[in-house]
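Since the structure comes first, as structure tokens, the remarks are kept for the end.
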Amino acid sequence: MAPATENRPRISAAILVVDEQQDLSATIACIDELADEIIVGVVSFSENAPGGKHPRASKTLYIPWQNDFSAVRNACLEAATGDWILHLDAGEVLAADAVSEISSFVEVGVDANNVYRLLVRAAGDNNDDKGEASVVQIAQHRLLPNAASLHFTGPVRESLETSITACRLETKQLNIVITQPANVDAGNIKFKTARRNLRICEQILTDTATDPRLWLARGEALADLGEWEQAEQAFLQAREFAAEESAELLEAYYGELSAMDRDPSLQDSQLNLCIDALKHFPVDVQLLCTMGHYLHRQQRIDLATRAYQTAVRHGKIHPASWHLAEIAEIATVCLSISLELEDRADEAREVLEDALIEQPTSSRLRHQLIDLHVRHGRRKEAIEQVGRFPSDWPHRDALANAVRGACLAGSQNWTNAEAYLQTAFDAGCRDVLCLRWLLLTHAALEHFDAAQEVLELWRKKEPENHEVQKLTASLLTRKFGQTAEAVASSPGTTIPPHFPVSKAADRAEADSGATPCSESEEMA
Numbered sequence: 013m014a015p016a017t018e019n020r021p022r023i024s025a026a027i028l029v030v031d032e033q034q035d036l037s038a039t040i041a042c043i044d045e046l047a048d049e050i051i052v053g054v055v056s057f058s059e060n061a062p063g064g065k066h067p068r069a070s071k072t073l074y075i076p077w078q079n080d081f082s083a084v085r086n087a088c089l090e091a092a093t094g095d096w097i098l099h100l101d102a103g104e105v106l107a108a109d110a111v112s113e114i115s116s117f118v119e120v121g122v123d124a125n126n127v128y129r130l131l132v133r134a135a136g137d138n139n140d141d142k143g144e145a146s147v148v149q150i151a152q153h154r155l156l157p158n159a160a161s162l163h164f165t166g167p168v169r170e171s172l173e174t175s176i177t178a179c180r181l182e183t184k185q186l187n188i189v190i191t192q193p194a195n196v197d198a199g200n201i202k203f204k205t206a207r208r209n210l211r212i213c214e215q216i217l218t219d220t221a222t223d224p225r226l227w228l229a230r231g232e233a234l235a236d237l238g239e240w241e242q243a244e245q246a247f248l249q250a251r252e253f254a255a256e257e258s259a260e261l262l263e264a265y266y267g268e269l270s271a272m273d274r275d276p277s278l279q280d281s282q283l284n285l286c287i288d289a290l291k292h293f294p295v296d297v298q299l300l301c302t303m304g305h306y307l308h309r310q311q312r313i314d315l316a317t318r319a320y321q322t323a324v325r326h327g328k329i330h331p332a333s334w335h336l337a338e339i340a341e342i343a344t345v346c347l348s349i350s351l352e353l354e355d356r357a358d359e360a361r362e363v364l365e366d367a368l369i370e371q372p373t374s375s376r377l378r379h380q381l382i383d384l385h386v387r388h389g390r391r392k393e394a395i396e397q398v399g400r401f402p403s404d405w406p407h408r409d410a411l412a413n414a415v416r417g418a419c420l421a422g423s424q425n426w427t428n429a430e431a432y433l434q435t436a437f438d439a440g441c442r443d444v445l446c447l448r449w450l451l452l453t454h455a456a457l458e459h460f461d462a463a464q465e466v467l468e469l470w471r472k473k474e475p476e477n478h479e480v481q482k483l484t485a486s487l488l489t490r491k492f493g494q495t496a497e498a499v500a501s502s503p504g505t506t507i508p509p510h511f512p513v514s515k516a517a518d519r520a521e522a523d524s525g526a527t528p529c530s531e532s533e534e535m536a
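13 is the number of the first residue of the sequence shown in the working numbering; add one for each residue after it.
What follows is the structure in structure tokens.
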């Protein structure tokens, strides 16, 4: 633990352990030099739970489970003796620079009239359009002054919001990230949490219950358990009781839209619900991108483009709701795809180049620009963009070879294309651009066994990709002609990447209380 420094406010780290599979040691290790006091609160679900003090903790509390997450969090707060409390869940970690920022801020910039939100970042439930795990984030109250009147309320989706208002404190946000690393047993933890939260809700909820947090918790738990129809009804109830412009109302829309994905016959109702959601949150970037996806699905490319343009130019995120960390980049990529589908390739290029000026380290944007150059035969420009990846970028030289091959394949010079693409593949390049064009080239040359091998790799990276599904069917029938040509000229996919509009909670929420949209942040 941190040695006491004269005149520096003392920091208590309160760590809650709900599941034994959470990595408590990693959490303690990252804040050991920051905290003057470490309190570990272990939720005891049975009378036979093991006791004893954690060797690196100042205090270890064994808190009997009473179907109330606020009660266990408040027990941790009450045990803290520091001037400031940093609230964490077991398994969460802070990078060294984040620890340093908190330490400096508490020493010179902290204000006891404020409660501070930190960004909590976690791996999402789905892969993104490049086959990598999506990252979602939310701003939660995690750094708070030690005041007896400051406490959590709500048995699930517990929040400090009510007591912050009662104490006449203000909320401020810090750009400091708490990370929830991916857990190898995340699936089991999610289902266990869902069943636990559902039991809590069923004990409390009645037909007359009006707390939207309870209905949201029920909807999230049912969604995690695959009970989509019941989940949809719970989100509808949450929507009815949520305050205007609140995080709860937005999350109810997110959840209800996501639950409707289960049934293609609901697509028209889904579109109408999204229109209704945008009446309440007209510049919410996730809703705008989702609307663009629904319009693409109905072949209304012109209207989809307008939705994406609004998202890019005016889109905002609600910081107190789970959202994709890279939503700004996703919106830009979707807009470029939509413009290209309207035969406005020059505008698509301009959109990507302008975005890269603002976000030069974005691999997502650069990949899309490389794809666009390749489809239009601009080999020099595409290779130049590859060269702008960091020098330690995995297989950067091989990716340049893949670009050369892809440009040749675009002009149907299949034999020479195969040589470049296979060289890139053999050198370890597994970029989707390489897989896509190598597959098309193998198929065009009727090297079907090799094409099947590449297809399997691509399917693992992008299992929901519509191109993969089309090419799978074509490979089975050995009829590649029109399908291959369509895929070769497509801007990545005929429908811009869709993403879930809600994150099913795999942990208790520290704060998702009503937050006016005036506190929403401009999209980065």
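We treat Cβ as the ideally placed atom computed from N, Cα and C, and that holds for glycine.
Proximity winner among the options, relative to residue i (alpha-carbon distances)
i, options, result
"Gly231", "Cys286, Leu278, Thr177 and Arg169", "Arg169"
"Gln245", "Glu257, Ala229 and Ser258", "Ala229"
"Pro406", "Leu384, Thr427 and Ser375", "Ser375"
"Ala233", "Lys473, Leu467 and Arg207", "Arg207"
"Gly238", "Ala255, Asp219, Leu210 and Ala250", "Leu210"
"Ile43", "Ser56, Phe57 and Arg68", "Arg68"
"His66", "Asp443, Phe57, Glu59 and Val52", "Val52"
"Thr222", "Asp358, Arg400, Arg251 and Trp96", "Arg251"
"Gly389", "Gly422, Asp358 and Ser403", "Gly422"
"Ala159", "Ala124, Leu226, Ser403 and Lys392", "Ala124"
"Pro224", "Ala259, Thr205 and Ser24", "Ala259"
"Asp101", "Leu28, Ala135 and Asn86", "Leu28"
"Ser24", "Gly64, Asp95, Ala178 and Ala41", "Asp95"
"Arg387", "Glu396, Ser403 and Glu352", "Glu352"
Nonlocal neighbours in the same chain, by C-beta distance under 6 Å from residue i, ignoring five residues either side
i, result
"Arg20", "Glu119"
"Ser115", "Leu46"
"Phe401", "Arg408"
"Val55", "Val30, Ile75, Trp77 and Val84"
"Arg22", "Asp48, Gly94 and Asp95"
Distance cut-off 7 Å: residue i Cβ against heavy atoms of the ligand PLP
i, result
"Lys473", "No copy of the ligand PLP occurs in the structure displayed, which carries no ligand at all."
Cβ-based neighbour list, residue i, same chain, cut-off 8 Å, excluding 5 preceding and 5 following
i, result
"Gly103", "Gln34, Asp35, Leu36, Ala38, Thr39, Gln192, Pro193 and Asn195"
"Leu377", "Glu341, Thr344, Val345, Leu364, Ala367, Leu368 and Gln371"
"Val398", "Ile382, Arg408, Leu411, Ala412 and Val415"
"Ala439", "His407, Asp409, Ala410 and Asn413"
"Glu362", "none"
"Asp197", "Gln33"
"Ala319", "Leu300, Cys301, Met303, Gly304 and Leu307"
"Leu285", "Tyr265, Glu268, Leu269 and Met272"
Contact belief for residue i with residue j at Cβ below 8 Å, rounded distance in angstroms
i, j, result
"Leu130", "Leu155", "6 Å"
"Leu162", "Ser175", "5 Å"
"Ala235", "Ala243", "4 Å"
"Ser350", "Thr317", "4 Å"
"Arg442", "Leu469", "7 Å"
"Glu479", "Thr453", "Contact flag wrong, Cβ pair sits at about 15 Å."
"Val127", "His153", "5 Å"
"Phe253", "Trp227", "7 Å"
"Leu315", "Ala357", "Their Cβ separation, rounded to whole angstroms, is 20 Å, which puts Leu315 and Ala357 out of contact at 8 Å."
C-beta atoms of residue i and residue j nearer than 8 Å
i, j, result
"Leu300", "Gly267", "no"
"Leu73", "Ala91", "yes"
"Ala436", "Cys419", "no"
"Leu269", "Gln249", "no"
"Thr82", "Ile50", "Sequence check: residue 82 is Ser here, not Thr. No; because the gap between Cβ atoms is not below 8 Å, this pair is not in contact."
"Ile188", "Ala110", "yes"
"Thr84", "Ile75", "The identity of residue 84 in the sequence shown is Val, whereas the question assumes Thr. The answer is yes: Cβ separation under 8 Å."
"Arg133", "Ile201", "no"
"Ala476", "Val444", "According to the sequence displayed, residue 476 carries Glu and not Ala. Going by C-beta atoms, Glu476 is not nearer than 8 Å to Val444."
"Gln298", "Leu336", "yes"
"His330", "Leu262", "yes"
"Glu354", "Ile313", "yes"
"Ala41", "His99", "no"
"Cys446", "Leu433", "yes"
"Pro167", "Ile212", "yes"
Same chain only: Cβ atoms within 7 Å of residue i, ignoring 5 sequence neighbours per side
i, result
"Gln464", "Leu487"
"Gln215", "Asn79"
"Ala271", "Ala235, Trp240, Ala243, Glu244 and Phe247"
"Phe164", "Ser82, Arg85, Asn86, Glu170, Ser171 and Leu172"
"Phe57", "Trp77"
"Ala462", "His454"
Is there contact between the region 293-306 and the region 322-332, where contact requires at least three CB pairs shorter than 8 Å? yes
Count the C-beta pairs between the region 181-193 and the region 368-379 that are closer than 8 Å, then say yes if the count reaches three, no if not. no
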